[in-house]
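Notes follow once the structure below has been shown.
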Amino acid sequence: MRAVLDIILILLQLYWWVLLIMISMSWLISFNVINTRNQFVAAVWRVLNQLTEPVLGPIRRFMPSFSGLDLSPLIAFLLIFFLQSIIGYYLYPAVVRAGI
């Protein structure tokens, strides 16, 4: 059971990095530092959007509009932190004490 919790924590941390890269890349595209006409940039952007849209899409539907400011990644970061905290503070110690 500890191995499963460790894998979940690793996946949450990996998704945190994917979100961070997506946010950074969206800023670089918005400020015209990188261009999506480049095939590599467009391919990376498509992959990042496909990875993040299943989580960010439902959050965007419930979030109010803030004049074009997308706060859904911030909510996703908070959810990831919340899940990591629950696993770290409650689930992991219970599994270690139970000897599973």
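Position 43, counted from 1, in the sequence shown is what numbering that gives the first Met the number 0 calls 42; the numbers after and before it change by one each time, with no gaps. We put the beta carbon where it would ideally sit given N, CA and C, even for glycine.
9 Å or more divides the Cβ of L78 from the Cβ of L4.
DSSP places F80 in the helix class (H, G or I) of the three-state scheme. Nearest to S25 by alpha-carbon distance, out of Q12, A41, L11 and L13, is A41.
For L68, the pairing in a beta bridge is given by DSSP as F65. No Cβ-Cβ contact shorter than 9 Å links L68 with L11. Minimum Cα-Cα distance from Q49 among the listed residues I33, M21, F61 and A75 corresponds to M21. Counting C-beta atoms within 10 angstroms of its own C-beta, L55 has 16 or more neighbours from the protein chains shown and is therefore classed as buried.
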